[in-house]
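Input: a single structure, listed below in structure tokens.
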Amino acid sequence: MNDSLLDSLLHHLDDPSNSGNGLLQAFDEDESLLSLQGADALQMLDVTTISGQFSATEEVSPDHDRDRRTDRYCSAENESVASTSPPPMTVENIRSRDTTRRCTYRQKQKAQKDVLYRQVDELTSQLSVLQKRKETAEASKGTWLGHAAVWKVLADRHMKARVLAEEQRRRLCKAVERRSALIQNLGVLLRKRIGEEQPEEAAYAGKKPRTESPDVLLYEAFINELAEVYARTDSIFKETTMEIDVDSQAFFNLSQPTKTDARYHELVGALTTPFAFERVRVLLYKVWWSLDNYRGYETIEGSWIPDDTYITKICIDGPGGNLLVQHCITRQYGEADRVVFVWRKFTEGQGAYAGMHADETGWAIVRPSPSCGQGNAGTVMESVTRFVPINFSSAPASSCSTAVKQFTDTVIKIGEDICQRSLQKLEEKLLDDTLGV
1 MNDSLLDSLL
11 HHLDDPSNSG
21 NGLLQAFDED
31 ESLLSLQGAD
41 ALQMLDVTTI
51 SGQFSATEEV
61 SPDHDRDRRT
71 DRYCSAENES
81 VASTSPPPMT
91 VENIRSRDTT
101 RRCTYRQKQK
111 AQKDVLYRQV
121 DELTSQLSVL
131 QKRKETAEAS
141 KGTWLGHAAV
151 WKVLADRHMK
161 ARVLAEEQRR
171 RLCKAVERRS
181 ALIQNLGVLL
191 RKRIGEEQPE
201 EAAYAGKKPR
211 TESPDVLLYE
221 AFINELAEVY
231 ARTDSIFKET
241 TMEIDVDSQA
251 FFNLSQPTKT
261 DARYHELVGA
271 LTTPFAFERV
281 RVLLYKVWWS
291 LDNYRGYETI
301 EGSWIPDDTY
311 ITKICIDGPG
321 GNLLVQHCIT
331 RQYGEADRVV
341 FVWRKFTEGQ
351 GAYAGMHADE
361 TGWAIVRPSP
371 SCGQGNAGTV
381 MESVTRFVPI
391 NFSSAPASSC
401 STAVKQFTDT
411 VIKIGEDICQ
421 RSLQKLEEKL
431 LDDTLGV
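Residue numbers 1 to 437, in full-length UniProt numbering, belong to the letters of the sequence shown in order.
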């Protein structure tokens, strides 16, 4: 089979612009196709020869032989016409098979293209996930949260610390047992010697009843802290913003600022009064703690109390009949241009508030008003109070949190009430002094 001829034939068949007449003209122009014998041409067109369909032994009739001779004579005359007019059915069959082959190939290519597109989408999504994981890993790289080794080191460290603490506890328990036995032995020995030296009645005769308050140790500890509290006065007032409202009808304006990161509660107050600073300075200390109207009011006195120090103890009824006991130690520091009050207060809860306490520290400054320099009288009073709630209750956490909140609110309300009463009493005395009553 001639390859160049076949290529030419397929080229003409693939060209959709060629019509049937154009294809026949192309066959006429192609001399190589016309030069082939009949059997070879049919083989090129994939057409089975008709002669092969008859048997070689078949007898041929005389009429048929005559017809064949007549056809042979006519074939020479019609050779040119036959060469230019190939069988139309053969061309159509070739074109149909080629079209079917091209459609099948295109469908297969389209199916492969769709599969490749789906694979691209899947691989793209996988790549995005891997890139996000890589970025997350790089972002957490170098931090202790992302390394299990650091957790292991910390766990080992805490484990060793716990083992050391347990070992130290065992040693301390043994030491306590030894010291306790030693103390008991010494006590027995001392009592034996005392009994030998003097009669038992004489030993008890020398004892005196104790008249001191059982809270003396608490008061002494707070008294020792007042000097340090006074030294922090200026820094505390620098940290706190004061707002003085001259037109306010309230004598003392208290605010409760929200401090989400603070470990204490804070009350801030500021006031301007038209009375002269010297008169306010003299009368303020007398009414600073006007607590005699509270139940259980008691003034603690003793030679151990320093000068300018005032100790009071009061009992306050809280909501629900719960009782609060407050111990307050106040000291006054007189300066050239101001008076400073500092105090330490300890609140104990009873009843439903049992086991709850509040440790309070306060500062107050009384100074002349800035308008005094213009010939006007006036006094400015500023106050800062900070207290920390302390809970030693064994109640469940859910009920304990509610009780602690109620206890804290009660302490805040009591502090505001005491401050308002003291300053109202100061105002009354200043008015009486001005009127000469």
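Cβ atoms here follow ideal geometry from the backbone N, Cα and C, with glycine treated the same way.
What residue does the alpha helix (DSSP H) around Y230 start on, and which one ends it?
Residues V216 to A231.
Looking at C-alpha atoms only, which residue of F275, H327 and K313 is the closest neighbour of G378?
Cα-wise, what sits closest to G378 is F275.
Assigned exposure category for G318 - 16 Cβ within 10 Å defines buried
By the neighbour-count rule (16 or more Cβ atoms within 10 Å), G318 is buried.
On the CB-based measure, 16 or more other CB atoms within 10 Å of its CB, does K174 come out buried or exposed?
It is exposed - the Cβ of K174 has fewer than 16 other Cβ atoms within 10 Å.
Can the beta-carbon of L426 be found less than 8 angstroms from the beta-carbon of R344?
Judged by their CB atoms, L426 and R344 are not nearer to each other than the 8 angstroms cut-off.
Rounded to the nearest angstrom, what separates V380 and S369 at their Cα positions?
Straight across, the Cα-Cα distance linking V380 with S369 is about 5 angstroms.
Could you check whether W363 and V342 sit closer than 8 angstroms to each other, using their CB atoms as the reference points?
In this structure, V342 places its C-beta atom within 8 angstroms of the C-beta atom of W363.
With a threshold of 16 other CB atoms inside 10 Å of the CB of P389, please say whether the residue is buried or exposed.
With 16 or more other CB atoms across the displayed protein chains lying within 10 angstroms of its CB, P389 is buried.
Pull up the distance between the alpha-carbon of Y353 and that of D409, whole angstroms please.
Roughly 12 angstroms between the two C-alpha positions.
Between Y333 and T434, what straight-line distance do the alpha-carbon atoms span, to the nearest angstrom?
One C-alpha to the other measures close to 25 angstroms.
Under 8 angstroms by Cβ, that's how I've got T385 and E266 pegged, so tell me the actual separation to the nearest angstrom.
T385 to E266, Cβ: 7 angstroms. Contact.
For L423 and E298, what's the separation of their Cα atoms in angstroms?
Answer to the nearest angstrom: the Cα atoms are 20 angstroms apart.
If you drop the 5 nearest sequence neighbours on each side, which residues of the same chain put their C-beta closer than 7 angstroms to that of V404?
Once the five neighbours on either side are set aside, the close Cβ partners of V404 are M356, P389 and N391.
Measuring only the C-alpha atoms, how far is T124 from Q131?
Between T124 and Q131, the alpha-carbon positions lie close to 10 angstroms from each other.
Residue nearest to V282 in terms of C-alpha spacing, selected from R367, L189 and Y117
Nearest of R367, L189 and Y117 to V282, Cα basis: R367.
Counting only runs of 3+ residues fully inside the region 109–145, write out the beta strand (DSSP E) ranges in chain order.
Counting whole runs of 3 or more residues, the region 109–145 contains no beta strand (DSSP E) stretch at all.
Identify whether R101 lies in helix, strand or coil by the three-state DSSP scheme.
Helix at R101.
Through-space distance from D98 to T104, alpha-carbon basis:
Near 10 angstroms, if we compare the C-alpha coordinates of D98 and T104.
Taking Cβ to Cβ, would you say L430 is nearer than 8 angstroms to R295?
Against a cut-off of 8 angstroms, the Cβ pair of R295 and L430 comes out as no contact.
Return the Cβ separation of N322 and G351 in integer angstroms, given the expectation that the two are a contact with Cβ distance under 8 angstroms.
The Cβ separation is near 4 angstroms, so the contact holds.
Between Q184 and the rest of its own chain, which residues show a CB-CB distance below 7 angstroms, the 5 nearest in sequence each way excluded?
When the five nearest sequence neighbours on each side are left out, no beta carbon in the same chain lies closer than 7 angstroms to the beta carbon of Q184.
Output the boundary residues of the beta strand (DSSP E) element that contains F387.
Element bounds for F387: T379 to N391.
Is it right to say K313 is buried, meaning 16 or more other beta carbons lie within 10 angstroms of its own, or is it exposed?
For K313, the number of other beta carbons within 10 angstroms of its own is at least 16, and it is reported as buried.
With distances taken Cα to Cα, identify the nearest neighbour of I305 among L217, L172, N93 and K286.
Checking every option, the nearest Cα to that of I305 belongs to L217.
Unbroken beta strand (DSSP E) run spanning R331, endpoints:
Counting along the chain, the unbroken beta strand (DSSP E) around R331 starts and ends at L323 to G334.
DSSP three-state call for T240: helix, strand or coil?
Correct three-state label for T240: coil.
Quick one: grab the DSSP three-state call for P319.
Helix at P319.
Per-residue DSSP class, three states only, for S55
Low confidence applies to S55: its pLDDT is 39, below 50, so where it sits in the model is not reliable enough to give any reading.
Could you give the C-beta distance for E348 and L324, rounded to a whole number, given that I count them as a contact under 8 angstroms?
Between L324 and E348 the Cβ distance is about 7 angstroms, and since that is below 8 angstroms, they are a contact.
Where L271 falls, given that 16 or more other Cβ within 10 Å makes a residue buried:
Counting Cβ neighbours within 10 Å, L271 comes out buried, since at least 16 surround it.
Cα-Cα separation between K152 and K192, rounded to whole angstroms:
Roughly 60 angstroms separates the two Cα atoms.
Please report the residue range of the beta strand (DSSP E) in which E266 lies.
For E266, the enclosing beta strand (DSSP E) covers residues H265 to T273.
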